[in-house]
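S.K.:
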Amino acid sequence: MTRSFAPGRINLIGEHTDYNDGFVLPMALVHGCTASVEDASSGWTVASAQTSDDVVVEPAGLAGRADVPEWATYVLGALWLLHDDGVDVPALRISVDSDVPTGAGLSSSAALVCSVVSALDAHLGLGLDAAGLLELSRRVENDAVGAPTGGMDQLVSLRGEAGHALFCDMRDLTSQPVPFDPSVAGLTLLVVDTRAPHRLVDGEYAARRRGCEEAARLLGVDALRDVTADDLDTALARLDDEELQRYTRHVVTEDARVLAAVEVLRAGRLAELGPLFTASHASMRDDFRITVPEVDAAVESLLAAGAVGARMTGGGFGGCVIALVPADAVDAAGEAVRAAFADAGFGEPAVFTATAEAGARLLD
Ligand code: GAF
């Protein structure tokens, strides 16, 4: 049996920039998924500790894939694609067990896919290098599951480093660890899972992506990454559509905020990350329009309780808010959010702290 663990992630800053060939700064979480792969006598079986029914299919490629529950496509997707790539995949049983909260914007799906892909790579002796592991993991999500996501989540799940955020250039898919330990500045990274029901996530995500690609096309660039902050006003003047102007402003200013965040972290000026978080949130709320009342309320109450910065993390329309909070104000900040949610009639949020952890690894 071969076992591999891959983590979920928090994105510190750089939202919806990945599919614009831009910059992101995520970190891996302690929460993750363990995938165990073992030889079997026939077929491909997948089992999840989070559901009771095993899924059993006959070996096939994408075109001949069986109709299975969505969670199982994140596991079987790798097998379907390997089959199409000409790999002679034997009969296997794959078991997965995850503690990443689902629907919270913490990339439970990347943890699942990357744990399976790394375990398969080792079990089948595929010999994939870092680029190959990332490519197969992304294809599972984009081609097998059909989610038009941008690759950040798989990249950090595979390559995260303990005590570091990962500065990623999503054009050439290079990544550099950047020290991230808020405790040295007397700060704590607080996470509020708003548990807001995700609304319209898939359609709205795809619409944002299409809008960004259309703006890039109209501006005559390969991707919005190619519009610099200095060019922004000129670019906006060339777009007639107000929605495309807002999307462009978000992506261009967000890329600039990622670069600024990397600079302050490298200089050890951690508290200066706070205003960048808060500006990123305002851009997601006002320009990209991917926040919901629960996440805006969480950000506001965390800031009022003394956070040096707060923002939604992940794809949007619900999920988690992160904040940098002075260590001695963590309990009060959590209480402030709970009280604000109770006053607003929202469900109770889950509040926890997070540290930057290592990416995917083989176990035993
Ligand atoms: C989701 C996607 F999967 C990522 O690729 C990224 O676009 C993110 O939303 C937004 O930054 O997590």
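Oh and the sequence shown: position 111 is 111 in UniProt numbering, straight run, nothing missing. Built from N, CA and C at the ideal position, the CB exists for glycine as well. If you're wondering where the values come from, they're calculated on a predicted model, not measured in any experiment.
(1) Any heavy atom of the ligand GAF closer than 6 Å to the CB of Asp240?
(2) May I ask which residues mark the beginning and end of the beta strand (DSSP E) holding Asp129?
(3) How about Gly32 and Val24: do their beta carbons lie closer than 7 Å?
(4) Go ahead and pull the three-state DSSP assignment for Gln176.
(5) By alpha-carbon positions, which one of Asp343, Leu81, Leu270, Gly22 ends up nearest to Asn142?
(6) Rounding to the nearest angstrom, what Cα-Cα distance links Met312 and Asp222 in this structure?
(7) In whole angstroms, give me the CA-to-CA distance for His250 and Val57.
(8) Can you give me the Cβ contacts of Arg238 inside the same chain, cut-off strictly under 8 Å, excluding the 5 residues immediately before and after it?
(9) Using a Cβ distance threshold of 8 Å, determine whether the region 93-104 contacts the region 45-53, with at least three qualifying pairs required.
(10) Could you tell me if the beta carbon of His16 falls within a distance shorter than 6 Å of some heavy atom in the ligand GAF?
(11) Any heavy atom of the ligand GAF closer than 6 Å to the beta-carbon of Gly315?
(12) Between which two residues does the beta strand (DSSP E) carrying Leu187 extend?
(13) Should Gly105 and Gly319 be called a contact, given that it needs their Cβ atoms to be closer than 7 Å?
(14) Quick check: is any heavy atom of the ligand NAD less than 6 Å from the C-beta of Met27?
(15) Can you name, in chain order, every residue of its own chain whose Cβ lies under 6 Å from the Cβ of Val325, other than the five neighbours on each side?
(16) Could you tell me how far apart the beta carbons of Gly8 and Ala110 are, in whole angstroms, since I believe they sit closer than 8 Å?
(17) If we require 3 or more residues per run, which beta strand (DSSP E) segments fall completely within the region 61-111?
(18) Using only alpha-carbon positions, find the residue among Asn20, Phe341, Asp54, Leu79 that is nearest to Arg65.
(19) Among residues of its own chain, excluding the 5 on either side of Ala196, which ones have a beta-carbon nearer than 6 Å to its beta-carbon?
(20) Starting from Ser36, follow its DSSP beta bridges and name the residues at the other end.
(21) When the distance is taken between beta carbons, is Leu362 closer than 7 Å to Ser115?
(22) Counting pairs of beta carbons, one from the region 142-156 and one from the region 65-76, are three or more of them closer than 8 Å?
(23) Looking at the ligand GAF, does it come within less than 6 Å of Asp153, judged from the CB to the closest heavy atom?
(24) Less than 8 Å between the CB atoms is what I'm expecting for Leu270 and Ala260, so what's the real figure, rounded?
(25) Nearest-angstrom Cα distance between Arg225 and Glu254?
(26) Report yes or no: do the region 279-292 and the region 151-159 share at least 3 C-beta pairs separated by less than 8 Å?
(27) What does the Cβ neighbour count give for Met1, buried or exposed, with the cut at 16 atoms within 10 Å?
(28) Just to confirm my understanding: we take Ala339, look at its own chain, exclude 5 residues before and 5 after, and list those with CB closer than 8 Å. What are they?
(29) Compare the Cα-Cα distances from Gly150 to each of Gly314, Leu92, Asp67, Val192 and report the closest residue.
(30) Going by the C-beta, is Thr149 closer than 6 Å to any heavy atom of the ligand GAF?
(31) Taking Met152 and Asp21 to be in contact with their CB atoms under 8 Å, please state how far apart those CB atoms are, rounded to whole angstroms.
(32) Nearest-angstrom Cα distance between Met27 and Arg289?
(33) What is the C-beta distance between Glu348 and Phe341, in whole angstroms, given that I count them as a contact (C-beta under 8 Å)?
(34) How should Gly274 be labelled, buried or exposed, when 16 other C-beta atoms within 10 angstroms of its C-beta is the threshold for buried?
M.R.: Short version:
(1) Placement of the Cβ of Asp240 at a distance of 6 Å or more from every heavy atom of the ligand GAF is found.
(2) Careful: Asp129 lies outside any beta strand (DSSP E) and carries neither H nor E.
(3) Contact flag unset, no.
(4) Of the three classes helix, strand and coil, the one that applies to Gln176 here is strand, per DSSP.
(5) Taking only the C-alpha atoms, the option nearest Asn142 is Leu81.
(6) One alpha carbon belongs to Met312, the other to Asp222, and they sit about 28 Å apart.
(7) His250 and Val57 have their C-alpha atoms roughly 44 Å apart.
(8) Excluding residues within five positions, the ones whose Cβ falls inside 8 Å are Leu218, Leu219.
(9) Touching, per the Cβ criterion.
(10) Because some heavy atom of the ligand GAF lies under 6 Å away, the Cβ of His16 counts as near it: yes.
(11) Set against 6 Å, the gap from the CB of Gly315 to the closest heavy atom of the ligand GAF is smaller.
(12) Residues 187-193.
(13) For Gly105 and Gly319, yes; Cβs fall inside 7 Å.
(14) The ligand content of the structure shown is limited to the ligand GAF, which means the ligand NAD is not among them.
(15) The residues are Thr188, Leu190, Ala307, Ala333.
(16) About 7 Å separates the CB atoms of Gly8 and Ala110; that is less than 8 Å, so the two are in contact.
(17) Secondary structure remark: continuous beta strand (DSSP E) runs of at least 3 residues inside the region 61-111, in chain order: 92-98.
(18) Cα-wise, what sits closest to Arg65 is Leu79.
(19) Taken in chain order, the residues that qualify are Val292, Glu294, Gly318.
(20) DSSP links Ser36 through a beta bridge to Arg3, Ser95.
(21) Contact: no.
(22) With three or more CB-CB distances shorter than 8 Å, the region 142-156 counts as touching the region 65-76.
(23) For the ligand GAF, at least one heavy atom lies less than 6 Å from the Cβ of Asp153.
(24) That belief does not hold up - the Cβ atoms of Leu270 and Ala260 are roughly 13 Å apart, past 8 Å.
(25) Distance between the alpha carbons of Arg225 and Glu254 is about 10 Å.
(26) Cβ pair count under 8 Å is below three, so no.
(27) Using a 10 angstroms sphere on the CB of Met1, the tally of other CB atoms stays under 16, which defines it as exposed.
(28) Excluding sequence neighbours, Ala339 sits near Ser301.
(29) The shortest Cα separation from Gly150 among Gly314, Leu92, Asp67, Val192 belongs to Gly314.
(30) Yes; taking the cut-off as 6 Å, the Cβ of Thr149 has a heavy atom of the ligand GAF nearer than that.
(31) Wrong, their Cβ atoms sit about 12 Å apart, outside the cutoff.
(32) Distance between the alpha carbons of Met27 and Arg289 is about 24 Å.
(33) With a beta-carbon spacing of about 6 Å, Glu348 and Phe341 fall inside the 8 Å limit used to define contacts.
(34) When all chains shown are included, Gly274 counts as buried.
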